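J.:
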Amino acid sequence: KQIQQKTAQRDKAMQQLNEYKEKSEQLKRKLHDEQSQEVRIKQELDDIQSKIHQQRFELVMDHRVSIKHSLAALEGDDDAEHGRDVEHVVLELELKQIESELQFFHQTYGWNVDYKEPSKAVNEQQSFDVEKLPLDGDGDCDDDDDDG
58 KQIQQKTAQR
68 DKAMQQLNEY
78 KEKSEQLKRK
88 LHDEQSQEVR
98 IKQELDDIQS
108 KIHQQRFELV
118 MDHRVSIKHS
128 LAALEGDDDA
138 EHGRDVEHVV
148 LELELKQIES
158 ELQFFHQTYG
168 WNVDYKEPSK
178 AVNEQQSFDV
188 EKLPLDGDGD
198 CDDDDDDG
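The opening residue of the sequence shown carries number 58 in my numbering; numbering runs sequentially from there.
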């Protein structure tokens with residue numbers, strides 16, 4: 058009878074041990090899945106952050122060009138001497154902030170932040186060419202007919 062009791066206890070202990078082993082395996086699988094998901098989510102976050110930085114970089118590079126053009130226009134405009142001082146200072150400060158942000162991109166990603174003027178083709182495309190305007194029959198540019 059004692060042997061049967063001991064055998065029953067051993068069987069019960071083995072059953073409990075197998076249940077614990079199953080739970081342990083389930084928890085290990087769940088932990089592994091969560092760790093895999095965490096790695097995947099971190100990678101997605103890094104990808105998104107990189108895309109955001111790339112877009113910001115392009116925006117800041119374009120903004121720097123427009124600020125430099127504005128500064129050049131202010132320096133060439135002698136009529137607006139009074140307003141030029143304040144506007145010039147503001148643009149200079151904004152340019153410094155942009156340059157520091159570009160340095161972040163250069164240090165973080167190694168991106169080229171050297172200032173480049175837009176290409177001649179882009180400038181020509183943006184410029185206004187009077188010779189390409191459509192002319193009506195009498196040689197002037199208006200759409201209405203002048204009879205007198």
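The beta carbon of each residue, even a glycine, is placed where N, CA and C say it ideally should be. Owing to the predicted nature of the structure, the values given are computational and were not obtained by experimental measurement.
In or out: LEU170 buried (at least 16 other Cβ within 10 Å) or exposed?
T.: This sequence places Val at residue 170; Leu is not what is there. With 16 or more other Cβ atoms within 10 Å, it is buried.
J.: On the CB-based measure, 16 or more other CB atoms within 10 Å of its CB, does LEU102 come out buried or exposed?
T.: Burial call: exposed.
J.: Residues in the same chain with beta-carbon distance under 6 Å from GLN73, minus the five sequence neighbours each way, listed in chain order, please.
T.: If we look at GLN73 and ignore the five residues flanking it on each side, it has no Cβ neighbours.
J.: Please report the residue range of the alpha helix (DSSP H) in which ASP90 lies.
T.: 59–133 is the extent of the alpha helix (DSSP H) around ASP90.
J.: So, helix, strand or coil for VAL170, using DSSP?
T.: Coil at VAL170, not helix or strand.
J.: Rounded to the nearest angstrom, what separates ARG113 and LEU148 at their Cα positions?
T.: Roughly 19 Å between the two C-alpha positions.
J.: Which term fits LEU159, buried or exposed, when burial requires 16 or more other beta carbons within 10 angstroms of its beta carbon?
T.: Buried: at least 16 other Cβ atoms inside 10 Å.
J.: What does the alpha-carbon distance come out to for the pair LYS69 and GLN106?
T.: When rounded, the distance between both Cα atoms is 55 Å.
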